[in-house]
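**Q**
Number of protein chains: 4
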Amino acid sequence: MARDPKLSASRKPEKYDAILRAAIRVFARNGFFNAKVADVAKEAGVADGTVYLYFKNKDHILVSIFEETMHESISEGREVIHSIDDPREKLKRIAALHLERMGADRDLAVVFQVELRSSTKFMEQFSETRVSEYLDLIRSVILEGQRAGCFRPSLDANVASKVFFGALDEMVTNWVLSRKSYDLRSTADSVIDLYFNGVTAA
Amino acid sequence: MARDPKLSASRKPEKYDAILRAAIRVFARNGFFNAKVADVAKEAGVADGTVYLYFKNKDHILVSIFEETMHESISEGREVIHSIDDPREKLKRIAALHLERMGADRDLAVVFQVELRSSTKFMEQFSETRVSEYLDLIRSVILEGQRAGCFRPSLDANVASKVFFGALDEMVTNWVLSRKSYDLRSTADSVIDLYFNGVTAA
Amino acid sequence: MARDPKLSASRKPEKYDAILRAAIRVFARNGFFNAKVADVAKEAGVADGTVYLYFKNKDHILVSIFEETMHESISEGREVIHSIDDPREKLKRIAALHLERMGADRDLAVVFQVELRSSTKFMEQFSETRVSEYLDLIRSVILEGQRAGCFRPSLDANVASKVFFGALDEMVTNWVLSRKSYDLRSTADSVIDLYFNGVTAA
Amino acid sequence: MARDPKLSASRKPEKYDAILRAAIRVFARNGFFNAKVADVAKEAGVADGTVYLYFKNKDHILVSIFEETMHESISEGREVIHSIDDPREKLKRIAALHLERMGADRDLAVVFQVELRSSTKFMEQFSETRVSEYLDLIRSVILEGQRAGCFRPSLDANVASKVFFGALDEMVTNWVLSRKSYDLRSTADSVIDLYFNGVTAA
DNA sequence: AATGAATGAGGGTTCATTCAT
DNA sequence: TATGAATGAACCCTCATTCAT
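Chains as they are written, first to last, in the working numbering: chain A, 7 to 208; chain B, 7 to 208; chain C, 7 to 208; chain D, 7 to 208.
(1) Please determine if the segment 103-118 of chain A and the segment 24-35 of chain A are in contact, where contact requires at least 3 C-beta pairs separated by less than 8 Å.
(2) My output table needs one value for Phe-157 of chain C: the three-state DSSP class, helix, strand or coil.
(3) For Leu-161 of chain C, return the contacting residues in chain D, with the cut-off set at a CB-CB distance below 8 Å.
(4) How about Thr-135 of chain C: is its C-beta nearer than 7 Å to some C-beta of chain D?
(5) Are any of the Cβ atoms in chain D nearer than 7 Å to that of Asp-189 of chain C?
(6) Between the segment 93-109 of chain B and the segment 181-195 of chain B, can you find at least three pairs of beta-carbon atoms closer than 8 Å?
(7) Does the beta-carbon of Lys-127 of chain B have 16 or more other beta-carbons within 10 angstroms, so that it is buried, or is it exposed?
(8) Which one of B:Ser-81, B:Glu-121, B:Glu-20 and B:Asp-91 has the shortest CA to CA distance from Thr-56 of chain B?
(9) What do you get for Ser-16 of chain A, buried or exposed, if any count of 16 or more other CB atoms within 10 angstroms of its CB means buried?
(10) Could you please tell me which residues of the segment 75-93 of chain C, in chain order, have their CB closer than 7 Å to any CB of chain D?
(11) Could you check if Thr-179 of chain B is buried or exposed, using at least 16 other CB atoms within 10 Å of its CB as the buried criterion?
(12) Is Arg-153 of chain A near Ser-167 of chain A, with beta carbons less than 7 Å apart?
(13) If the criterion is Cβ atoms closer than 7 Å, does the pair Arg-99 of chain B and Val-86 of chain B meet it?
(14) Is any beta-carbon of chain C found at less than 7 Å from that of Phe-61 of chain D?
(15) What residues of chain D sit near Ser-101 of chain C, judged by a beta carbon separation below 8 Å?
(16) Do Val-43 of chain D and Lys-64 of chain D come within 7 Å of each other at the CB atom, strictly closer than that value?
(17) Counting contacts by CB-CB distance shorter than 7 Å, is Ser-14 of chain B in contact with chain A?
(18) Kindly list the residues whose CB is nearer than 7 Å to the CB of Asn-164 of chain C, restricted to its own chain and excluding five residues on each side of it in sequence; keep chain order.
(19) What span of residues does the alpha helix (DSSP H) with Glu-121 of chain D cover, start to end?
(20) Strictly under 7 Å for the Cβ-Cβ distance: is Glu-176 of chain A near chain B by that measure?
(21) For Ala-50 of chain B, collect the residues of the same chain with a Cβ closer than 6 Å to its Cβ; drop the 5 residues on either side in sequence, then sort them by chain order.
(22) Mind checking whether Val-169 of chain A and Leu-200 of chain B have CB atoms under 7 Å apart?
(23) Closest Cβ-Cβ distance between Thr-193 of chain B and chain A: below 7 Å?
(24) Buried or exposed, going by whether 16 or more other CB atoms sit within 10 Å of the CB of Thr-75 of chain B?
(25) Where does Glu-188 of chain A land, buried or exposed, given buried means 16+ other C-beta within 10 angstroms?
(26) Alpha carbon to alpha carbon, what distance is there between Glu-150 of chain A and Glu-139 of chain A?
(27) Skipping 5 residues on each side, what residues in its chain have a beta carbon closer than 8 Å to that of Val-52 of chain A?
(28) Could you check if Glu-95 of chain D belongs to the surroundings of the ligand FMN, using beta carbon to heavy atom distance under 6 Å?
(29) Could you give the C-beta distance for Val-205 of chain D and Phe-202 of chain C, rounded to a whole number, given that I count them as a contact under 8 Å?
(30) Using C-beta distances below 8 Å, list every residue in its chain close to Val-137 of chain A, excluding the 5 sequence neighbours before and after it, in chain order.
(31) Can you find a CB in chain A that lies within less than 7 Å of the CB of Ser-124 of chain B?
(32) Could you please tell me which residues of the segment 30-56 of chain B, in chain order, have their CB closer than 9 Å to any CB of chain A?
(33) So Phe-157 of chain D and Ala-207 of chain C are in contact, right, with Cβ under 8 Å, and what is the actual spacing, rounded?
(34) Output needed for Leu-141 of chain D: all residues of its chain with C-beta closer than 8 Å, excluding positions within five of it in sequence on either side, in chain order.
(35) For Ala-28 of chain B and chain A, any beta-carbon pair shorter than 7 Å?
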């Protein structure tokens with residue numbers, strides 16, 4: 007039914023999106039705990055009460071931002087895995103997508119790198135599900151690369167996936183918090199080079 | 007022996023430490039924003055008002071946890087740099103210390119990995135100062151290694167230091183949020199191996 | 007009839023008045039500093055938070071009581087000046103109105119004579135504006151009387167207006183603090199006689 | 007024993023006076039309710055706890071300021087009454103003393119005109135005792151003047167004493183709250199002229 | 001007498017959430 | 001669906017007072 011599932015975050019009504027986008031801006035600006043639901047409503051151009059027609063409560067807005075974005079990220083990641091053969095290219099593409107996505111929307115990046123880490127309550131909830139999925143996706147590529155002989159078989163794939171994710175994550179966090187303005191995407195090559203070849207000189 | 011308790015030991019009065027340690031436990035348990043100052047006071051065994059004799063306000067407790075710990079970390083890091091020659095060994099030691107410190111106190115780790123990221127307000131403040139110092143310390147080792155010929159000179163030392171920190175940081179975050187209980191320190195070798203040699207097979 | 011309650015009657019919403027009247031009672035009973043906003047809310051039959059929909063803070067409630075009442079007093083005073091010719095009759099009427107207004111609402115009188123004097127912060131603010139207006143009004147009548155030849159031209163009109171106001175003010179304060187119950191209005195004639203003719207025997 | 011009882015508010019220990027004088031300054035500066043006992047202690051150069059060795063509580067400091075000053079005022083008033091014959095001169099002298107006393111110590115004047123009016127609780131307590139004594143003293147002079155034939159017998163002596171006090175009181179209050187700096191004492195003549203002869207032209 | 005660290009009750013204010021319209 | 005006035009629970013912080021030294 008939905009014409010194009012990739013574009014239909016809009017199986018959701020128009021105001022759902024408006025509130026979600028407003029929340030990203032407001033949370034990025036004030037921080038989740040300091041942001042008021044009323045601020046989000048005003049930014050979205052709806053009444054306070056309307057927010058509760060689309061979201062169970064304030065927490066749920068944050069969760070939804072996470073879910074929607076991770077849903078896209080993981081979908082894109084899966085596409086990469088299926089459309090590319092070389093495991094090294096897969097990792098390159100995942101890194102590029104990751105940094106592009108965040109680099110394209112600083113507010114979203116702020117919410118992801120800062121606000122979503124706001125409490126163990128959120129974090130545990132997230133790690134359990136979407137983040138694990140994302141890490142699993144990366145690990146599967148590494149394992150595949152090990153089987154294919156292009157990644158060292160001695161590596162702990164579990165650690166390797168976390169290091170990969172941690173490297174990307176730190177790049178984004180630093181970019182978000184940096185006062186300097188630079189292009190996040192263009193750091194992908196350095197990260198990949200380092201990840202592939204290590205720091206050790208030949 | 008110590009006439010003035012304020013100057014003894016950690017130079018801070020006994021209750022200052024008690025409140026700080028209590029806060030680490032409480033913030034780890036409930037999250038910073040959900041924790042009540044009254045909870046911290048009760049956990050420390052002092053009256054609510056006493057907290058304000060040692061800390062300007064609730065925020066300042068969190069900041070102090072960060073400052074005190076980073077102060078130690080950076081001091082230790084500096085010692086490492088001066089007491090060891092080989093840049094590779096320096097990084098190994100820094101990684102080990104980092105993971106040991108956090109691995110030894112899960113509550114502290116929770117506060118560092120989760121609560122301290124609670125808002126851009128905190129984060130920006132922190133990145134500007136202590137975190138930058140820590141990253142600078144790592145970068146100086148990498149630059150030293152490049153000059154010494156043991157690290158690839160083509161690497162962007164800036165990116166390399168972030169990737170190193172990001173890898174460690176992600177290891178800690180994962181450990182903190184994991185339901186499984188494992189030894190954080192013992193993951194150091196894998197991280198270092200990966201960081202040094204990359205994922206690429208020979 | 008009135009479609010918009012905000013524009014009807016006193017132009018202020020119904021609850022604004024309810025809270026203001028409740029505050030007069032509560033402040034008179036407990037004193038401004040000892041009164042709790044919660045007491046005012048309960049007396050007004052609204053929730054605590056509702057008070058803050060109509061008043062910026064506790065101080066502002068007190069200020070509003072003052073402003074609303076002085077607004078009326080000065081308006082009435084101006085009417086008197088325009089509707090009466092004889093300066094002596096004007097002063098008589100002003101005195102009568104002053105004592106009637108306060109004599110008709112002991113709680114309001116208590117707030118005016120006692121609570122509003124609570125701090126230089128309030129007082130300075132008030133003197134600067136409304137009280138000065140009121141004193142100016144009185145002085146203008148005295149000056150007019152001097153020009154008309156019915157008041158002694160040698161008098162300092164400035165002092166004379168303060169003495170007039172001081173006399174009325176003291177009558178009200180004494181009435182408010184007195185344990186005896188008597189009619190405040192009926193003291194107006196004595197005050198006026200004294201003010202007009204002095205104490206000196208012919 | 008006390009060498010000179012007039013000067014020995016110092017039958018009281020030295021620190022009693024120091025705290026009282028400090029309190030006058032602090033209450034004048036911050037207002038009674040906003041002033042902290044700790045501020046008073048610091049201004050007096052004693053420890054917080056020491057205040058409670060000399061005063062039962064914070065309220066009692068304010069009461070003591072009032073009592074000490076009124077004690078002097080009434081004593082002086084009594085002396086005037088006994089040392090002067092002419093009732094008109096007596097009133098003149100009382101007015102002069104009143105305005106001189108307050109005009110000589112603006113902080114004291116602030117406390118008297120503003121802070122002491124802070125609550126019905128205080129006011130009722132005061133009116134019952136010292137203020138009534140002071141008003142009685144004035145009334146006795148007026149009655150005496152009426153008997154002596156120099157004041158109009160038709161006047162209500164009760165009202166006349168309040169008007170006299172109110173006139174003086176308002177002069178002081180206005181002086182205290184005025185931004186302009188002028189000599190309070192020198193207004194006494196105008197007030198007395200007005201009080202004696204009224205505003206009515208001959 | 002003097003200290004000042006410690007206490008803990010108390011209250012102004014905020015804001016997520018509800019519900020009558 | 002949409003509104004936004006009303007709610008009231010929750011909490012940080014202050015500061016008068018105490019008491020061990």
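Each residue gets a CB set at the ideal place from its N, CA and C atoms; glycine is no exception.
Remember, it's a predicted structure, so these values are computed and weren't measured experimentally.
**A** In brief:
(1) yes
(2) strand
(3) Ser-196, Asp-199, Leu-200 and Val-205
(4) no
(5) no
(6) yes
(7) exposed
(8) B:Glu-20
(9) Unreliable placement is indicated for Ser-16 of chain A, whose pLDDT of 47 sits below 50; the coordinate value is still reported in the next sentence. Counting Cβ neighbours within 10 Å, Ser-16 of chain A comes out exposed, since fewer than 16 surround it.
(10) none
(11) buried
(12) no
(13) yes
(14) no
(15) Residue identity check: residue 101 of chain C is Ala in the sequence provided, not Ser. Chain D residues near Ala-101 of chain C: none, gap ~11 Å exceeds 8 Å.
(16) yes
(17) Any reading at Ser-14 of chain B needs caution, since the residue's pLDDT is 37, under 50, leaving its predicted position unreliable; the model's value is listed next. Cβ-Cβ to chain A under 7 Å: no for Ser-14 of chain B.
(18) Arg-145
(19) Taken as a continuous stretch (DSSP letters only), Glu-121 of chain D belongs to no alpha helix (DSSP H), as it is neither H nor E.
(20) yes
(21) Ala-24, Ile-25 and Ala-28
(22) yes
(23) yes
(24) buried
(25) According to the sequence displayed, residue 188 of chain A carries Tyr and not Glu. Exposed, by the Cβ-count rule.
(26) 16 Å
(27) Lys-21, Ala-24 and Ile-25
(28) Absent from the structure shown: the ligand FMN. Ligands present: none.
(29) 6 Å
(30) Met-76
(31) yes
(32) Ala-34, Arg-35, Asn-36, Gly-37, Phe-38, Phe-39 and Asn-40
(33) 6 Å
(34) Ser-167, Lys-168 and Phe-171
(35) no
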